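Q: Following this message is one structure expressed as structure tokens.
Residue numbers (our numbering), protein chains in the order written: chain A, 8 to 415; chain B, 211 to 278.
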């Protein structure tokens with residue numbers, strides 16, 4: 008196995024020998040990069056399948072026209088609204104909009120299904136909302152989009168506010184296939200095809216990686232050797248490996264999709280990170296050993312008589328119990344805030360172009376946005392790594408079994 | 211007089227910046243002393259930095275996103 012711990016620099020860079028294999032042409036021994044044409048045909052067909060899926064979706068893209076009602080807003084509010092809208096999940100997959108000469112806006116994209124539970128299941132297309140400008144009527148009920156959330160309203164689309172300018176209208180339960188959900192489905196499909204293809208290729212060729220396997224093998228090995236085994240231990244790491252690998256690639260791919268012009272912000276959505284952190288929380292506590300629970304409720308063990316421990320435990324045990332919940336909470340806040348912050352910075356820098364109304368604006372904003380985007384590529388990988396690493400660390404705490412006779 | 215929340219957010223960023231800066235600096239020193247332990251030091255550094263950053267983000271979240 009290609010492994011040399013002391014050489015392990017940062018992340019997969021340490022696997023220099025595996026990486027050298029990417030550039031090696033085995034037949035004549037000349038170094039040259041492997042291109043897509045060299046990859047195995049099944050991978051190529053799967054890639055084409057996904058590409059075809061994308062294309063077929065954009066073939067259904069509907070160019071819609073809507074009235075421009077933003078004429079009265081000043082530039083700064085418009086930019087802030089635009090950034091806000093980008094950060095939120097939306098009920099349609101609109102890629103961009105063009106302002107036409109007659110003042111109407113043309114939205115390029117396609118609508119997505121809206122699924123509501125409001126005294127019965129209501130399913131309709133999000134094109135009924137006309138990008139938030141129209142009231143959708145379904146079975147006599149009226150719904151309106153307000154700040155990317157669906158509210159129940161009347162035929163005129165009235166939204167009531169409280170004193171803090173929050174909408175007080177009733178909110179139906181929303182199970183819609185939103186933009187984020189579509190991206191999660193696509194990422195799931197991509198990961199399934201990719202890793203199933205790799206598993207098949209390993210079964211066929213023995214332990215020699217082929218095609219994209221040359222890129223993914225060192226990453227998988229890194230997660231196994233330096234994240235799972237290092238934090239959980241040789242004995243018990245295996246049962247956590249599926250989760251660690253899945254969560255790493257899932258977060259990484261979604262972070263990378265967030266940097267594409269598709270304009271999705273899935274890992275910067277707190278609901279997604281909450282779901283991921285809940286899985287880590289459940290795995291940590293459901294696979295916890297006796298020692299883990301003993302450590303929680305009796306942290307001092309036999310080092311003290313019970314009357315000495317009692318006053319300490321009044322403080323210690325609540326802290327330990329809080330700790331169970333703080334660990335996943337910090338995981339979810341870290342991922343959410345990092346991705347959200349990255350998107351805000353890039354979007355704000357692009358917004359500079361419209362704020363400076365001179366020739367310096369465009370190159371400045373392009374240069375800064377480009378530099379930050381490069382950092383964001385690193386952050387996308389780093390956050391996936393940190394989430395996986397800390398999950399493994401928590402699993403390590405939960406599954407450790409140590410001899411309590413020796414002091415620790 | 212109430213202090214605006216954004217001042218709290220600024221103080222948090224200063225604290226987190228100093229903390230992570232110190233971790234980075236100390237890690238550099240440690241690597242200079244023991245270059246062969248590079249990998250281990252870097253992992254420990256990243257975990258510590260991530261934990262501090264997590265607290266910083268949690269505090270920022272509390273100061274800017276929550277109502278109250």
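Every residue, glycine too, gets a C-beta built ideally from N, C-alpha and C.
These figures come from a predicted structure and were not determined experimentally.
Where does the unbroken alpha helix (DSSP H) through residue 383/A begin, and where does it stop?
A: Taking the first chain and counting its residues from 1, one reaches residue 383/A at position 376. First-last of the alpha helix (DSSP H) with residue 383/A: 368-406.
Q: Against residue 264/B, what residues of chain A qualify as contacts under a CB-to-CB distance less than 7 Å, listed in chain order?
A: As a first step, residue 264/B must be located in the second chain, where it is residue number 54. Near residue 264/B (Cβ distances below 7 Å), the residues of chain A are 337, 340 and 341.
Q: Give me whichever residues DSSP pairs with residue 181/A in a beta bridge.
A: Working through the first chain from its first residue, we reach residue 181/A at position 174. Residue 181/A pairs with 123/A.
Q: Just to confirm, are residue 390/A and residue 276/A a CB contact at a threshold of 8 Å?
A: Mapped onto the first chain, residue 390/A falls at position 383. Mapped onto the first chain, residue 276/A falls at position 269. No, they are not a contact pair.
Q: Could you work out which residues of chain A lie near residue 270/B, taking near to mean beta carbons separated by less than 8 Å?
A: For the purposes of this step, residue 270/B is taken as the residue at position 60 of the second chain. Under the 8 Å cutoff, chain A gives 344.
Q: Under the three-state reduction of DSSP, which class applies to residue 269/A: helix, strand or coil?
A: Residue mapping note: residue 269/A aligns to position 262 of the first chain, counting from 1. DSSP places residue 269/A in coil when its eight states are reduced to three.
Q: Express the C-alpha separation of residue 366/A and residue 374/A in angstroms, rounding to a whole number.
A: Here residue 374/A refers to the residue found at position 367 of the first chain. Here residue 366/A refers to the residue found at position 359 of the first chain. Cα-Cα distance, rounded: 13 Å.
Q: Mind checking if residue 354/A is an interface residue toward chain B, Cβ cutoff 8 Å exclusive?
A: Against the first chain, residue 354/A aligns to sequence position 347. Answer no: the Cβ-Cβ gap between residue 354/A and chain B never drops below 8 Å.
Q: In chain order, which alpha helix (DSSP H) runs of at least 4 residues are fully inside the stretch 275-300 of chain A?
A: Whole alpha helix (DSSP H) segments, 4+ residues: 277-293.
Q: The alpha helix (DSSP H) spanning residue 271/B covers which residue range?
A: Your numbering for residue 271/B matches position 61 in the second chain. Element bounds for residue 271/B: 248-274.
Q: Quick one: grab the DSSP three-state call for residue 94/A.
A: On the first chain, position 87 is the one that residue 94/A refers to. Of the three classes helix, strand and coil, the one that applies to residue 94/A here is helix, per DSSP.
Q: Going along the chain, which residues of its own chain have a beta-carbon closer than 8 Å to the beta-carbon of residue 362/A, five neighbours each way excluded?
A: Position 355 of the first chain holds residue 362/A. So the qualifying residues of the chain are 82, 83, 86 and 368.
Q: Under 8 Å between C-beta atoms, does residue 76/A make it to chain B?
A: Locating residue 76/A in the first chain gives position 69, counting from the first residue. Here residue 76/A scores only 47 on pLDDT, less than 50, and its place in the model should not be relied on; the value that follows carries that caveat. Cβ-Cβ to chain B under 8 Å: no for residue 76/A.
Q: In terms of residues, what are the limits of the alpha helix (DSSP H) holding residue 320/A?
A: Along the first chain, one-based indexing puts residue 320/A at 313. Residues 313-362.
Q: Kindly list the residues whose CB is nearer than 6 Å to the CB of residue 258/B, restricted to its own chain and excluding five residues on each side of it in sequence; keep chain order.
A: In the second chain, the residue the question calls residue 258/B occupies position 48. Cβ within range, chain order: 233.
Q: Which residue spans inside the stretch 119-179 of chain A form an unbroken beta strand (DSSP E) run of at least 3?
A: Counting only runs of 3 or more, we get 120-124, 128-132, 143-145, 148-153 and 156-160.
Q: Restricting to Cα atoms, I'd like to know which of 153/A, 124/A and 216/A is closest to residue 205/A.
A: What you label residue 205/A is simply residue 198 of the first chain in a count that begins at 1. Among 153/A, 124/A and 216/A, the Cα nearest to that of residue 205/A belongs to 216/A.
Q: Once the 5 residues before and after residue 149/A are set aside, which same chain residues still bring their CB inside 8 Å of it?
A: In the first chain, counting from the first residue as 1, residue 149/A sits at position 142. For residue 149/A, where only same-chain residues beyond five positions count, the Cβ hits under 8 Å are 142, 143, 159, 160, 161, 162 and 164.
Q: Give the residues of chain B in contact with residue 397/A, contact being defined as C-beta atoms less than 9 Å apart.
A: Translated into the one-based positions of the first chain, residue 397/A becomes position 390. The answer, in chain order, is 257, 260, 261 and 264.
Q: Give a yes or no on whether the C-beta atoms belonging to residue 274/A and residue 342/A are separated by under 8 Å.
A: Translated into positions along the first chain, residue 274/A becomes position 267. Translated into positions along the first chain, residue 342/A becomes position 335. A contact, by the Cβ cut-off of 8 Å.
Q: Could you have a look at residue 242/A and say whether DSSP puts it in helix, strand or coil?
A: Along the first chain, read from residue 1 onward, the residue named residue 242/A stands at position 235. The answer is coil: DSSP assigns residue 242/A none of H, G, I, E or B.
Q: What number of angstroms, rounded off, separates the C-alpha of residue 241/B from the C-alpha of residue 254/B?
A: Against the second chain, residue 241/B aligns to sequence position 31. Against the second chain, residue 254/B aligns to sequence position 44. Their Cα atoms are separated by approximately 12 Å.
Q: Quick one, are the C-beta atoms of residue 112/A and residue 104/A less than 8 Å apart?
A: Locating residue 112/A in the first chain gives position 105, counting from the first residue. Locating residue 104/A in the first chain gives position 97, counting from the first residue. Yes, Cβ-Cβ distance for residue 112/A and residue 104/A is below 8 Å.
Q: Just to check my reading of the structure: residue 272/A and residue 94/A have Cβ atoms closer than 8 Å, yes? What is that Cβ distance to the nearest angstrom?
A: In the first chain, counting from the first residue as 1, residue 272/A sits at position 265. In the first chain, counting from the first residue as 1, residue 94/A sits at position 87. About 6 Å; that satisfies the 8 Å criterion.
Q: Under the assumption that residue 116/A contacts residue 99/A (Cβ atoms under 8 Å), give the Cβ distance between them as a whole number of angstroms.
A: Taking the first chain and counting its residues from 1, one reaches residue 116/A at position 109. Taking the first chain and counting its residues from 1, one reaches residue 99/A at position 92. Confirmed, Cβ separation roughly 6 Å.
Q: Tell me the rounded alpha-carbon separation between residue 227/A and residue 108/A.
A: Here residue 227/A refers to the residue found at position 220 of the first chain. Here residue 108/A refers to the residue found at position 101 of the first chain. Spanning the two alpha carbons is a distance of roughly 53 Å.
Q: Hey, is residue 396/A's beta-carbon within less than 8 Å of any beta-carbon in chain E?
A: The structure shown contains no chain E; its protein chains are A and B.
Q: Grab the span of the beta strand (DSSP E) containing residue 459/A for me, first residue to last.
A: Residue numbering for chain A in the displayed model covers 8 to 415; residue 459/A lies beyond these limits and cannot be assessed.
Q: Mind checking whether residue 401/A and residue 296/A have CB atoms under 8 Å apart?
A: Indexing the first chain from 1 puts residue 401/A at position 394. Indexing the first chain from 1 puts residue 296/A at position 289. Going by C-beta atoms, residue 401/A is not nearer than 8 Å to residue 296/A.
Q: In the stretch 380-408 of chain A, which residues sit with their C-beta less than 8 Å from some C-beta in chain B, listed in chain order?
A: Cβ contacts with chain B come from 389, 392, 393, 396, 397 and 400.
Q: Would you mind sorting residue 408/A into buried or exposed? The rule is 16 or more other CB atoms within 10 Å of its CB.
A: As a position in the first chain, residue 408/A is number 401, starting the count at 1. The residue is exposed, with fewer than 16 neighbouring Cβ atoms inside 10 Å.
Q: In terms of alpha-carbon separation, which member of 152/A, 337/A and 308/A lies closest to residue 323/A?
A: Taking the first chain and counting its residues from 1, one reaches residue 323/A at position 316. Ranking the options by Cα distance to residue 323/A, first place goes to 308/A.
Q: Using a 10 Å radius around the Cβ and a threshold of 16 neighbouring Cβ atoms, would you call residue 345/A buried or exposed?
A: Within the first chain, numbered from 1, the residue matching residue 345/A stands at position 338. Label assigned to residue 345/A: buried.
Q: Which residues share a DSSP beta bridge with residue 117/A?
A: Within the first chain, residue 117/A is the residue found at index 110, counting from 1. DSSP, once it has assigned bridges, lists 100/A as partnering residue 117/A.
Q: Which of helix, strand or coil does DSSP assign to residue 217/A?
A: One-based indexing of the first chain puts residue 217/A at position 210. Three-state DSSP puts residue 217/A in coil, outside helix and strand.
Q: Considering residue 210/A, what are the terminal residues of the alpha helix (DSSP H) in which it resides?
A: One-based indexing of the first chain puts residue 210/A at position 203. Looking at the DSSP string, the run of the alpha helix (DSSP H) that includes residue 210/A is 186-212.
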